[in-house]
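Trainee: What follows is a single structure, and I will ask about it in a moment.
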Amino acid sequence: MKKINKVVLGAMLFPVAVFAQQMDYSKAIPFDSTVKTGKLENGLTYYIKKNSKPEKKVDLRLVVNAGSILETDDQQGLAHFMEHMCFNGTKRFPKNQLVDYLQSIGVKFGQHLNAYTSFDETVYFLPIPSDDPEKVEKGFQIIEDWAFNTVLTPEEIDKERGVVLEEYRLGLGAGKRMQGRYISKMMHDSHYAERLPIGQKEVLEKFKHQSLINFYKDWYRPNLMSVIVVGDIDVAEMEKKIIAHFSTYKNPSKEKPRKVYDVPNHKETFVAVESDKEASSAQVQLLYKDYSGPKQMKTLGDFKNSVVEGLFATALNSRLDELTNSATPPFTYGFSYYGGTFARTKKGYQSVAMSQEDRQLSALKVLVTENERAKKFGFTQAELDRAKSEFLASIEKTYNDRNKTNSINFVGELQANFLEKEPVPGIEWTYETLKQILPLITVQDINGLIKEYVKEDNRVIVLTGPEKAGLKKVTEQEVLDALKVNTDELKPYEDVAVASSLLRNEVKAGSIVSRESNAKIGTKTLILSNGVKVTYKNTDFKNDEVLFEAVSLGGSNLYSNEEMKKVQFANGALAEAGFSGLKLNDINKFMTGKIARVNPYIGNSTEGLRGNATPKDLEYLFQMTYAYFTDLNLDPEAFEAFKQKQSSFFKNMAAQPQNFFQQEFYTYLNKENPRFNGIMPTEKSWADTDYKLAYNKYKERFANAADFEFFFVGNVDDATMEAYATKYLASLPTTDKKEKTVDLGYRMLKGDLKKVVNKGTDPKSNVTIMFYGDAKYSAKDAMSMQALGEVLTIKLVEQLRENESGVYGVSARGSMNKIPNGSYNFTIGFPCGPENAEKLTISALKELQNIIDKGPEEKDVAKFKEGELADFRKDSKENRYWLSNFTRSYTNGNSPEDILKFEEMVNAVTAKDLQNIAKQYLTKDKVIGMLMPEKK
């Protein structure tokens, strides 16, 4: 079961008296009757659930209750190494045949097929088609082989060392260095502090093959495993397969005990103040660890307690959000919650914030103060009611979509049941029970929690941030002093009145001039009296979802060069000012318990609004849209607060080597573009920013609603759409002016170029190879360019990762654009060791040249088709896919009906098409960018 503060709550609240006499809090939480569960004689646990979204798909998952915490000293990193080996060859699928086979049936490596290793578990994901018995059987063979028949030859182990070491290299940097210094305090005197899953470099380089074999034999055993099957399947048939594939395996005769490691309590308050020259942000974390281990949620009383914890966190975080949105925000973001730590055996109350580099102490002081305020005065009834309302809206949405939920969501819940004994009662029970429990929870219930959470021992404070000249480092004593709050000076939280409406101006409704429909793609279109065009598609993909976007051609390309530099970084602040005279906190408070949001945007070639809502709250989406068109606030104070938060976020971003590289690389490529102003704001760009100008340009962009097309996809009906459209959209101001996209003619540098950027102290490099330029757009060429990227990725993984062991990940991406000008872009990218950057660049270009010279292999083109069609069949049953199709068709000026030919287009792709597109565009100029460490 999901954590209660995330789980959604019921549809209506009943009087307390109705249930007060009936609640038996000792009653056990039931297990979801729609899930078939069992345990084989060898101890393997299994779960099976039929779920038809997505159709003709099944998610298989192998869960091993063993991770890095069980490694011996000479095995540090081998739990994770073992995960890698499972993809490198098994008894039935030697060497690379496993990945090769899965790609041939549309399963993409990394995107669909994946795994992870943590301290306490290792988990393997395998989504496969369920409409072909042979493919399902192969899927079970694969997870069986992962569990018991992975090939661990010295040759394959040594080959994989390079790949795992490259993944280890990826994690190097400021974060790892600082974590290495503070984890001994956070996980004081615990084995967890010594067993980070990535392991030790020296061990990975030199471990004996037998050490890995021993880990596999010791811990990959039936009584530490679970097989989870959720999808469009026959439950009885899947149970037979589990029994057939897993029941014959035995546990070791002298099995090692699966030890559980505790995190000891400590009387001290540990303080870690860590800094690094490459740290990109300043953060504060306050952790109050529980004295005992996590209590299992077994009874109705436990369930109620979990709900109370969620309500407490919701109420407190609402206060922190209000501070974040204030005129003088104490931090960029801040939140508190009760939850897990690195250790499965230890939970705690935690407060976290990101602050300005020189304001960590004041951010910590605010977190502590708000905890103390809640401890002394508690919460108001209105705050509790709003928190309940949030829960209520959330559960209703999940309950309404209970038959439209993706299988992956259920798999996660069942995994948590196996590993941590989290209950799985099902959404129906959760919904009905919460409707009964929620009215019984009082202010006293949530007020009492903070007294249990906050303590003066078993406490850890961690500050991490940049290290640079002129920035005073915080001392441990200053941190301890910040924890002291004079509670006599505290005042209760003051709750302001909730706004009565999102709109302050009268709305004068218009009318519908004409109606059109398109039976082929299931859309209906309304032409309104003010010229506004509304197109909507009613779907049954989700019961409680409506997605929205309004889009217009134009964008910031219609600004002058000087205007663009002045508004580029101010555009994000516009919505922060609120609308209708309401500040952001007023709007958030009004919208408590309502699910609807709208965000305006201004891009280079388009402007628009995006949003979503439940059908019940759809009118609020229309009201927000009306307000953003007609009544956006001008609030310099809100802009200054936004600037402060953004400045603290971006100020040290370039200290991180990869960010620095991106800034330098694109500054170099755009040096002939007078509009280019960097990819991150600097102190100078903030000084040049003109908020009033940005506001005026926004008003200009949104002055004519008839130059937009409004698209809605989801559970909408004709009567509702027509009522809201005539009231809120037909009333918008319009003119007869129609704008188009403008090509300003600015381009990145052309030629056979190379840019090397030296930044960072770790032995880390990153290579970017780019081909780009003008091109005549065609849908066929765009498809070929995309296919070329995916096919080349297959070859790059085979060569750079599997054959040369030089990278952990590598990808190629190809695309074509139609606006503001016809163009192509093809990029190859990979991280690697500095000593291999040149060699691997040559290897990558050689793989591309092979395709140019000989064309791709037919089997790789077939893999692209299978993967693309599998994604299409899944995505075409999602509202977001159709909304994207409508907006893309509008901006590109093509028919939305083209989507009906998508499968035909994919199937028509040939190896020759890919070779031709490569010859046409990828034999000319290219740019190579390399991030290399600083020279010593």
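With our numbering as the guide, the letters of the sequence shown map in order to residues -2 to 933. Note that CB positions come from ideal geometry on N, CA and C, so glycine has one too. None of the values given here were measured: they were computed from a predicted structure.
(1) Can you name the residues that DSSP bridges to V226?
(2) To test your reading of the DSSP string, which unbroken beta strand (DSSP E) runs of 3 or more residues are found completely within the stretch 780 to 824?
(3) Does the pairing of the stretch 90 to 99 with the stretch 127 to 142 give three or more beta-carbon distances under 8 Å?
(4) Which of the three DSSP states, helix, strand or coil, is assigned to R512?
(5) Please classify S508 as buried or exposed, where buried requires at least 16 neighbouring CB atoms within 10 angstroms.
(6) Could you please give me the residues that DSSP links to Y330 through a beta bridge?
(7) Below 8 Å on the Cβ atoms is my contact criterion, and I expect A269 with R178 to pass it. Report the Cβ-Cβ distance as a whole number of Å.
(8) Taking only runs that begin and end inside the stretch 572 to 644, name each unbroken alpha helix (DSSP H) of 4 or more residues, in chain order.
(9) Excluding the 5 residues flanking S808 on each side, which residues of the same chain have their C-beta closer than 7 Å to its C-beta?
(10) So P130 is in the alpha helix (DSSP H); what residue range does that whole segment cover?
(11) Roughly how many whole angstroms lie between the Cα atoms of Q73 and G307?
(12) CA-CA distance, Q660 and G675?
(13) Alpha carbons only, please: which of E419, F538 and A702 is nearest the one belonging to V548?
(14) Need the endpoints of the alpha helix (DSSP H) that T884 sits in, please.
(15) When the Cα atoms are used, what is the spatial distance from K921 to G819?
(16) How many whole angstroms separate the CB atoms of L364 and V457, which I take to be in contact at a CB cut-off of 8 Å?
(17) Nearest to E844 by alpha carbon, out of D872, L785 and L297?
(18) List the endpoints of the continuous beta strand (DSSP E) containing D287.
(19) Using the three-state DSSP reduction, which class does A324 fall into: helix, strand or coil?
(20) Only counting runs of 3 or more residues, tell me where the beta strand (DSSP E) segments fall wholly within the stretch 55 to 109, in order along the chain.
(21) Tell me which residue opens and which closes the alpha helix (DSSP H) that Y556 is part of.
(22) Applying the 10 Å Cβ sphere with the 16-neighbour rule, what's the burial state of I154?
(23) Using CA atoms only, rank isn't needed, just tell me which of M588, A516 and E367 is closest to K488.
(24) With distances taken between CB atoms, is the gap from I239 to L110 smaller than 9 Å?
(25) Tell me which residues share the same chain as S348 and place their Cβ nearer than 6 Å to its Cβ, disregarding the 5 neighbours each side in the sequence.
(26) What are the start and end residues of the beta strand (DSSP E) that includes R456?
(27) In this structure, how does DSSP classify N833 when only helix, strand and coil are distinguished?
(28) Do S223 and Q412 have their C-beta atoms within less than 9 Å of each other?
(29) Output the distance between the C-alpha atoms of Q18 and P893, rounded to the nearest integer angstrom.
(30) Around the Cβ of V754, are there at least 16 other Cβ atoms within 10 angstroms (buried) or fewer (exposed)?
(31) Excluding the 5 residues preceding and the 5 following Q293 in the sequence, name in chain order all residues of the same chain whose CB lies nearer than 6 Å to its CB.
(32) Quickly, what does DSSP pair T119 with across the bridge? List them, please.
(33) Do M929 and S762 have their beta-carbon atoms positioned less than 9 Å apart in this structure?
(34) Between Y821 and M780, is the Cβ-Cβ spacing less than 9 Å?
(35) Can you confirm whether the stretch 615 to 630 touches the stretch 572 to 587 when touching is taken to mean that 3 or more C-beta pairs between the two stretches lie within less than 8 Å?
(36) Just mark G107 as buried or exposed, buried being the case when its beta carbon has 16 or more other beta carbons within 10 Å.
Mentor: Well, looking at it:
(1) Along the sequence shown, one-based indexing puts residue 226 at 229. According to DSSP, which records beta bridges pairwise, V226 is partnered with I45 and L57.
(2) The stretch 780 to 824 contains these whole beta strand (DSSP E) runs: 808 to 814.
(3) Between the stretch 90 to 99 and the stretch 127 to 142, the count of Cβ pairs shorter than 8 Å is three or higher; the stretches touch.
(4) Counting from 1 along the sequence shown, the entry for residue 512 is found at position 515. Taken through DSSP and simplified to helix, strand or coil, R512 comes out as strand.
(5) On the sequence shown, residue 508 is found 511 positions in, with the first residue counted as 1. It is exposed - the Cβ of S508 has fewer than 16 other Cβ atoms within 10 Å.
(6) One-based indexing of the sequence shown puts residue 330 at position 333. Bridge partners of Y330 according to DSSP: M351.
(7) As a working note, residue 269 is residue 272 in the sequence shown. As a working note, residue 178 is residue 181 in the sequence shown. Rounded, the Cβ-Cβ distance is 7 Å, consistent with contact.
(8) Secondary structure within the stretch 572 to 644: the alpha helix (DSSP H) runs of 4 or more consecutive residues, fully enclosed, are 581 to 587 and 615 to 627 (chain order).
(9) Taking the first residue of the sequence shown as 1, we reach residue 808 at position 811. The residues are T790 and G826.
(10) Start at 1 with the first residue of the sequence shown, and residue 130 comes out as number 133. From DSSP, the alpha helix (DSSP H) with P130 extends over P130 to F145.
(11) If you number the sequence shown from 1, residue 73 lands on position 76. If you number the sequence shown from 1, residue 307 lands on position 310. Using only the alpha carbons, I get a separation of about 37 Å.
(12) Taking the first residue of the sequence shown as 1, we reach residue 660 at position 663. Taking the first residue of the sequence shown as 1, we reach residue 675 at position 678. For Q660 and G675, the gap between their C-alpha atoms comes out near 6 Å.
(13) Residue mapping note: residue 548 aligns to position 551 of the sequence shown, counting from 1. Its Cα nearest to that of V548, the residue A702 stands out among E419, F538 and A702.
(14) Translated into the one-based positions of the sequence shown, residue 884 becomes position 887. Per DSSP, the unbroken alpha helix (DSSP H) holding T884 starts and ends at N876 to N889.
(15) Against the sequence shown, residue 921 aligns to sequence position 924. Against the sequence shown, residue 819 aligns to sequence position 822. Going from the Cα of K921 to the Cα of G819 covers about 17 Å.
(16) By one-based count along the sequence shown, residue 364 stands at place 367. By one-based count along the sequence shown, residue 457 stands at place 460. That belief does not hold up - the Cβ atoms of L364 and V457 are roughly 14 Å apart, past 8 Å.
(17) As a position in the sequence shown, residue 844 is number 847, starting the count at 1. Selected option, being the one with the closest Cα: L785.
(18) Against the sequence shown, residue 287 aligns to sequence position 290. Secondary structure note for D287: it is in no beta strand (DSSP E), with a DSSP letter that is neither H nor E.
(19) Your numbering for residue 324 matches position 327 in the sequence shown. In the structure shown, A324 sits in coil (DSSP, three-state: anything other than H, G, I, E or B).
(20) Within the stretch 55 to 109, no complete beta strand (DSSP E) run reaches 3 residues.
(21) On the sequence shown, residue 556 is found 559 positions in, with the first residue counted as 1. From DSSP, Y556 is part of no alpha helix (DSSP H); its letter is neither H nor E.
(22) Taking the sequence shown and counting its residues from 1, one reaches residue 154 at position 157. Buried is the call here.
(23) Here residue 488 is taken as the residue at index 491 of the sequence shown, counted from 1. The shortest C-alpha to C-alpha distance from K488 to any of M588, A516 and E367 is the one to E367.
(24) If you number the sequence shown from 1, residue 239 lands on position 242. If you number the sequence shown from 1, residue 110 lands on position 113. For I239 and L110, no; Cβs fall outside 9 Å.
(25) Locating residue 348 in the sequence shown gives position 351, where the first residue counts as 1. For S348, where only same-chain residues beyond five positions count, the Cβ hits under 6 Å are L283, S333 and L364.
(26) Sequence index remark: in the sequence shown, residue 456 carries index 459 (1-based). That run of the beta strand (DSSP E) goes R456 to P463.
(27) Position 836 of the sequence shown, counted from the first residue, corresponds to residue 833. Note: N833 maps to helix in three-state DSSP.
(28) On the sequence shown, position 226 is the one that residue 223 refers to. On the sequence shown, position 415 is the one that residue 412 refers to. Against a cut-off of 9 Å, the Cβ pair of Q412 and S223 comes out as a contact.
(29) Translated into positions along the sequence shown, residue 18 becomes position 21. Translated into positions along the sequence shown, residue 893 becomes position 896. Annotation note: pLDDT 46 at Q18 (below 50); position unreliable, coordinate value reported separately. Looking at the two C-alpha atoms, the distance is approximately 58 Å.
(30) The residue given as residue 754 occupies position 757 in the sequence shown. Counting the other CB atoms within 10 Å of its CB gives V754 a total of 16 or more, which places it among the buried residues.
(31) As a position in the sequence shown, residue 293 is number 296, starting the count at 1. K418.
(32) Residue 119 sits at position 122 when you count from the first residue of the sequence shown. V61 and T114, per the DSSP bridge assignment.
(33) Taking the first residue of the sequence shown as position 1, residue 762 is located at position 765. Taking the first residue of the sequence shown as position 1, residue 929 is located at position 932. Going by beta carbons, S762 and M929 fall inside the 9 Å limit.
(34) In the sequence shown, counting from the first residue as 1, residue 821 sits at position 824. In the sequence shown, counting from the first residue as 1, residue 780 sits at position 783. Cβ distance not < 9 Å, so Y821 and M780 don't count as in contact.
(35) Yes, they touch.
(36) Here residue 107 is taken as the residue at index 110 of the sequence shown, counted from 1. Using a 10 angstroms sphere on the CB of G107, the tally of other CB atoms stays under 16, which defines it as exposed.
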